[in-house]
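Asks: One structure is given below, represented as structure tokens, and several questions about it will come after.
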Amino acid sequence: MTHDREAIARDLRALLKGDVEFDPITRRLYATDAGLSQIEPLGVVCPRDTEDVARLIAYAAEHGLPLVPRGMGSGLNGGAVGAGIQVDFTRYMNAILEVSPEEGWVRVQPGVVKAVLDRYLQPYGVFFAPDPSSENHCSLGGMIATNSSGPR
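Following the working numbering, the numbering of the sequence shown begins with 2 at its first residue and continues without gaps.
Put into structure tokens, the structure is as follows:
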């Protein structure tokens with residue numbers, strides 16, 4: 002399946018508030034994760050908010066374009082690479098939105114780094130239990146997408 006990369010990039014730039022990067026250098030940078038897989042994406046989108054995400058999903062569905070959600074790309078199994086449009090949540094969608102230590106929950110955006118969340122939770126005397134060795138450079142969205150939990 003071939004796609005008109007220029008037309009798609011132009012459409013998405015008009016539709017979204019976030020960054021739309023379809024240039025060769027960005028595509029090459031996003032072609033890998035921490036493993037050995039190398040698949041160059043059609044392009045990369047960094048959504049600013051959930052409205053951008055909804056618009057991107059609708060556009061991709063309408064045009065038959067695969068989306069590949071991406072966190073920090075710290076996984077070793079190729080889960081963050083693919084030939085579709087990579088959706089990088091770490092640039093803008095990385096906020097800790099709400100916490101309730103009494104009830105044992107936190108609401109975050111997918112680009113939050115695990116170690117950042119734990120530092121934020123420290124004054125409450127709680128932490129996010131999964132313990133991957135990549136905690137300083139892995140996002141919660143990526144952890145959930147790949148079932149990453151670490152040795153504990």
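All residues carry an ideal CB built from backbone N, CA and C; glycine is no exception. Note that the structure is a prediction, hence the values are computed from the model and not measured.
So the alpha helix (DSSP H) V54 belongs to, where does it begin and stop?
Replies: Position 53 of the sequence shown, counted from the first residue, corresponds to residue 54. Looking at the DSSP string, the run of the alpha helix (DSSP H) that includes V54 is 51-64.
Asks: Hey, quick one: how far does the beta strand (DSSP E) through G44 stretch, first residue to last?
Replies: The residue given as residue 44 occupies position 43 in the sequence shown. Counting along the chain, the beta strand (DSSP E) containing G44 begins and ends at 44-47.
Asks: Could you tell me which residues DSSP pairs with R71 in its beta bridges?
Replies: Counting from 1 along the sequence shown, the entry for residue 71 is found at position 70. BP columns for R71 point to D89.
Asks: How would you label Y125, buried or exposed, when you count the other beta carbons within 10 angstroms and need 16 or more for buried?
Replies: Taking the sequence shown and counting its residues from 1, one reaches residue 125 at position 124. Exposed is the call here.
Asks: Am I right that I9 and G65 are in contact with their C-beta atoms under 8 Å? What's the rounded C-beta distance?
Replies: What you label residue 9 is simply residue 8 of the sequence shown in a count that begins at 1. What you label residue 65 is simply residue 64 of the sequence shown in a count that begins at 1. The Cβ separation is near 11 Å, so there is no contact.
Asks: Per the DSSP calculation, R108 is bridged to which residue(s)?
Replies: Your numbering for residue 108 matches position 107 in the sequence shown. In the DSSP output, where bridge partners are listed per residue, R108 has E99.
Asks: Quick one, are the C-beta atoms of V21 and R29 less than 8 Å apart?
Replies: Position 20 of the sequence shown holds residue 21. Position 28 of the sequence shown holds residue 29. No, the Cβ-Cβ distance between V21 and R29 is not below 8 Å.
Asks: Could you tell me which residues DSSP pairs with E22 in its beta bridges?
Replies: Residue numbering aside, residue 22 sits at position 21 when the sequence shown is read from its first letter. BP columns for E22 point to V45.
Asks: Does the Cβ-Cβ distance between P70 and G142 come in under 8 Å?
Replies: If you number the sequence shown from 1, residue 70 lands on position 69. If you number the sequence shown from 1, residue 142 lands on position 141. Result yes, Cβ atoms of P70 and G142 sit closer than 8 Å.
Asks: In chain order, what residues of the same chain lie with their CB nearer than 8 Å to the CB of Y60, ignoring the 5 residues before and after it?
Replies: As a first step, residue 60 must be located in the sequence shown, where it is residue number 59. Cβ within range, chain order: D12, L13, L16, L66.
Asks: On the DSSP bridge assignment, give the partners of T33 in chain order.
Replies: Against the sequence shown, residue 33 aligns to sequence position 32. Note: T33 sits in a beta bridge opposite Q39.
Asks: Out of D34, E52, S38, H4, which has the shortest C-alpha to C-alpha gap to M94?
Replies: To locate residue 94, count along the sequence shown from 1; it is residue 93. Nearest of D34, E52, S38, H4 to M94, Cα basis: E52.
Asks: For Q87 and chain C, any beta-carbon pair shorter than 8 Å?
Replies: Checking the listed chains, one finds no chain C in this structure; it contains a single protein chain.
Asks: Between the alpha carbons of D24 and T33, how many angstroms are there, rounded?
Replies: Along the sequence shown, one-based indexing puts residue 24 at 23. Along the sequence shown, one-based indexing puts residue 33 at 32. Distance between the alpha carbons of D24 and T33 is about 16 Å.
Asks: By DSSP, does V114 sit in helix, in strand, or in coil?
Replies: For the purposes of this step, residue 114 is taken as residue 113 along the sequence shown, with counting starting at 1. Note: V114 maps to strand in three-state DSSP.
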